[in-house]
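Quick note on numbering: the sequence shown equals residues 1 to 568 in UniProt numbering. Contents: one structure, followed by commentary.
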Amino acid sequence: MATVQGITVLAEALKAQGIEYAFGIVGIPVIELSMALQQAGIKYIGMRNEQAACYAAQAIGYLTGKPGVCLVVAGPGLLHVTGGMANAQVNCWPLLVIAGASFQDHEGLGAFQEFPQVEASRPYCKYSARPPSIPLIPLHVEKAVRLATYGRPGVSYLDFPGNLLLSNAPMSAIPDQYSHPSPPLIYPDHDAISEAVKLLKSAKRPLVIVGKGSAYARAENPIRRLIDEINLPFIATPMGKGVVPDSSARSVQSARSLALQKADVILLLGARLNWILHFGRPPRFAADVKFIQVDLSAEEMHNSVRSAVAVQSDILPFVDHFLEQLNGQNYQFDNNSDWWKSLKQKCEANQKTVQSFAKNVSTPLNYYAVFHHMQEIIPKDAIIVSEGANTMDIGRSMLLNQYPKHRLDAGTFGTMGVGPGFAIAAAVYCRDYYPGKKVICVEGDSAFGFSGMEIETMVRYNLPIIIVIVNNGGIYGGFDRDTFDAIRSEGDLLKVTPPTALTIETRYENMMQMFGQNGYLVRDIPQLQNALSEALNLTNRPTIINVLISPSSDRKAQEHSWLTVSKL
Ligand code: ADP
Ligand code: MG
1 MATVQGITVL AEALKAQGIE YAFGIVGIPV IELSMALQQA GIKYIGMRNE
51 QAACYAAQAI GYLTGKPGVC LVVAGPGLLH VTGGMANAQV NCWPLLVIAG
101 ASFQDHEGLG AFQEFPQVEA SRPYCKYSAR PPSIPLIPLH VEKAVRLATY
151 GRPGVSYLDF PGNLLLSNAP MSAIPDQYSH PSPPLIYPDH DAISEAVKLL
201 KSAKRPLVIV GKGSAYARAE NPIRRLIDEI NLPFIATPMG KGVVPDSSAR
251 SVQSARSLAL QKADVILLLG ARLNWILHFG RPPRFAADVK FIQVDLSAEE
301 MHNSVRSAVA VQSDILPFVD HFLEQLNGQN YQFDNNSDWW KSLKQKCEAN
351 QKTVQSFAKN VSTPLNYYAV FHHMQEIIPK DAIIVSEGAN TMDIGRSMLL
401 NQYPKHRLDA GTFGTMGVGP GFAIAAAVYC RDYYPGKKVI CVEGDSAFGF
451 SGMEIETMVR YNLPIIIVIV NNGGIYGGFD RDTFDAIRSE GDLLKVTPPT
501 ALTIETRYEN MMQMFGQNGY LVRDIPQLQN ALSEALNLTN RPTIINVLIS
551 PSSDRKAQEH SWLTVSKL
């Protein structure tokens, strides 16, 4: 009787569901599985930390719309990815985590790495299960992939005891694999569109907010047409950047605070009214602002504030129909309106302030000078990965995106340590689909520390990622050498070292010497320009550009700090 091993059934089931990439760290009992994945034609990227592997797998999910697999060992392996699972679930990104589990005939005896993994994963997942037998593996894989991608995307977890992976079942018991079609498009209700059109036309101060749901939906074409043809001001959320080019004349990103505060009708396309959008409430929004909310998740409707019009729909068909009706009624928002005038004025004033910071190239450098000069050199179609506090916040406004899904950052969950994993996924994706496209990973020095060892993964797979570390020697801010030494000379280092401090002028670029290469140390703009132009010529290895900036460089003064809400 012909038999087949569990690992083969699993690998083929994943392949049948269109899984293309797996990221992980192997050990007992999943080493054989990782090899079976390769045999089935799935690309396997071995990483150095499970959390980073999980970040990479979810970034592939966001970029391609198909979940990446994160493959880990039992117990600690699985526990190390829960941060990554939560990050994907909170970001609404598809992800499939697969972990080995202890042998079932050892369960309860204190088996090696025994842990209640299905239960432990459930809070982070849409679906968490252990296939009970080899013949049921294909069904669970189909379901896990379907749940990760249908409806609001999220996380699935599948648990595989070593004995299930390594034992055999009769070939005849394995059902034919079927794959599901891509997620069904949800179409908007006709009346809801008419209502939305009526409300938008009544607006004196309209605003469109483009969220990362719009990027995931690949709705850039109709959204760009909507913004341009109807002449609407828009802002993007951090990862909604690039759906409409940041350089668009209709972007009022530089007048973000004013736009949010004064808008009377806001079209919300694939963004939640959570902390990123200040909950949609005063003082950041007008108390009587009317939201037209478009989301594929019905449960998201009216969250935090009641929407005037809530449309459950995929962004793409909504915007298509919405635009068609507006055009049919010959509607265009007036370019000479007071709203456009005040927005443009505010944009100009704010841009002037930023330009004055950017022009200050005295050393040690400030953030604005660094990002301004990076922006001048890096290709406009590069994928920009970014994390850190000031590094990410200031970089968001200074490093422009022209295309959707070209910015990956700490996201809705504000997770630090995502950068190298996201960059690896982006580089693998570019290698396969957009050869020559650059991936630039802009890291704060603190953020880089979380997953810095993934530099070895980048070297092993010849991934030409440019890591720029904006190094201020601390979390938020650091200290100059004299202050740092003075503080620490006052007593027990564990008692006096400021919790936000990191070692002064750490030479992160020397990590490249582990691989017989040199990175770049940068203290001024000519060195930055030189390092970037050389790095952009690399095609088969990463590099690190360590930019030492002033430990006290800071953001320009903000009217409201990001997390401030006076009264809820
Ligand atoms: P941002 O961080 O950009 O504000 P969020 O992650 O908060 O974005 O919100 C994205 C929203 O987009 C989620 O509520 C999600 O349900 C929704 N969404 C995702 N894909 C689509 C789609 N194809 N069509 C409509 N809405 C979508
Ligand atoms: Mg720092």
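For glycine and all other residues, C-beta sits at the position ideal for the given N, C-alpha and C.
Contact test: residue i Cβ vs the ligand ADP heavy atom, cutoff 7 angstroms
i	result
lysine 212	yes
threonine 149	no
alanine 425	no
leucine 296	yes
arginine 256	no
asparagine 91	yes
isoleucine 223	no
tyrosine 216	yes
glycine 270	yes
glycine 240	yes
Residue range of the unbroken alpha helix (DSSP H) whose run includes residue i
i	result
alanine 317	The residue asked about is misnamed: residue 317 is proline in this sequence, not alanine. Its alpha helix (DSSP H) spans residues 315 to 328.
tyrosine 473	The sequence shown places glycine at residue 473, rather than the tyrosine named in the question. Element bounds for glycine 473: n/a, residue is neither H nor E.
alanine 53	50 to 64
alanine 446	Looking at the sequence shown, residue 446 is not alanine but serine. Per DSSP, serine 446 belongs to the alpha helix (DSSP H) from 445 to 451.
Straight-line Cα distance separating residue j from residue i
i	j	result
threonine 539	glycine 65	26 angstroms
alanine 427	isoleucine 465	7 angstroms
alanine 36	leucine 96	17 angstroms
isoleucine 230	asparagine 327	8 angstroms
isoleucine 545	isoleucine 378	14 angstroms
leucine 185	isoleucine 19	21 angstroms
alanine 86	aspartate 334	44 angstroms
leucine 72	cysteine 54	It should be noted that the sequence gives valine, not leucine, for residue 72. Taking the straight line joining both Cα atoms gives about 9 angstroms.
tryptophan 275	phenylalanine 285	13 angstroms
alanine 203	aspartate 288	12 angstroms
histidine 190	histidine 302	19 angstroms
arginine 431	valine 468	20 angstroms
glutamine 253	proline 131	48 angstroms
threonine 483	alanine 410	31 angstroms
alanine 22	valine 30	12 angstroms
glycine 491	proline 498	12 angstroms
valine 565	threonine 415	Confidence at valine 565 is low in this model, with a pLDDT of 48, below 50, so its placement is unreliable and the value that follows should be read with caution. Roughly 21 angstroms between the two C-alpha positions.
histidine 373	isoleucine 25	38 angstroms
serine 332	threonine 149	According to the sequence shown, residue 332 is glutamine rather than serine. Approximately 36 angstroms between the Cα atoms of the pair.
N-terminal and C-terminal residue of the beta strand (DSSP E) that residue i is part of
i	result
alanine 310	309 to 312
alanine 22	21 to 24
glutamine 293	290 to 295
alanine 129	127 to 129
residue 610	Since the displayed the chain opens at 1 and closes at 568, residue 610 lies outside it and no answer follows.
Secondary structure of residue i, DSSP reduced to three states
i	result
serine 214	helix
glutamate 119	helix
alanine 169	strand
alanine 111	coil
glutamine 332	coil
glutamine 402	coil
valine 145	helix
phenylalanine 502	In the sequence under discussion, the amino acid at residue 502 is leucine, which differs from the phenylalanine named in the question. It is coil, neither helix nor strand.
valine 565	In this predicted model, valine 565 has a pLDDT of only 48, less than 50, meaning its place in the structure is not dependable; the value taken from the coordinates is given anyway. In this structure, valine 565 counts as coil in the three-state DSSP scheme.
glutamate 195	helix
lysine 437	coil
glycine 417	coil
glutamate 509	helix
lysine 556	coil
alanine 36	helix
phenylalanine 371	helix
valine 244	coil
glutamate 387	strand
cysteine 430	helix
glutamate 5	The residue asked about is misnamed: residue 5 is glutamine in this sequence, not glutamate. Note: glutamine 5 maps to strand in three-state DSSP.
residue 592	Only positions 1 to 568 of the chain appear in this structure, which leaves residue 592 out of reach.
serine 202	helix
aspartate 485	helix
phenylalanine 285	coil
heavy atom of the ligand MG below 7 angstroms from residue i C-beta
i	result
serine 553	no
alanine 451	The sequence shown places serine at residue 451, not alanine. Because no heavy atom of the ligand MG lies under 7 angstroms away, the Cβ of serine 451 does not count as near it: no.
isoleucine 545	no
aspartate 475	First, the amino acid is wrong: residue 475 is isoleucine here, not aspartate. Yes; taking the cut-off as 7 angstroms, the Cβ of isoleucine 475 has a heavy atom of the ligand MG nearer than that.
aspartate 445	yes
glycine 417	no
Chain C contact for residue i (CB, 8 angstroms cutoff)
i	result
aspartate 482	Of the protein chains in this structure there is only one, and it is not chain C.
Check: residue i C-beta below 7 angstroms from any heavy atom of the ligand PLP
i	result
asparagine 366	No copy of the ligand PLP appears in this structure; the ligands present are the ligand ADP and the ligand MG.
**Message:** Does the contact criterion of 3 or more C-beta pairs under 8 angstroms hold for the segment 415 to 422 versus the segment 56 to 72?
**Reply:** Contact holds: three or more Cβ-Cβ distances are below 8 angstroms.
**Item:** Cβ contact check for the segment 42 to 50 and the segment 66 to 83: 3 or more pairs under 8 angstroms
**Value:** yes
**Message:** I want to know whether the segment 439 to 446 touches the segment 379 to 398 - three or more CB-CB distances under 8 angstroms.
**Reply:** Judged by Cβ distances under 8 angstroms, the segment 439 to 446 makes contact with the segment 379 to 398, as three or more pairs qualify.
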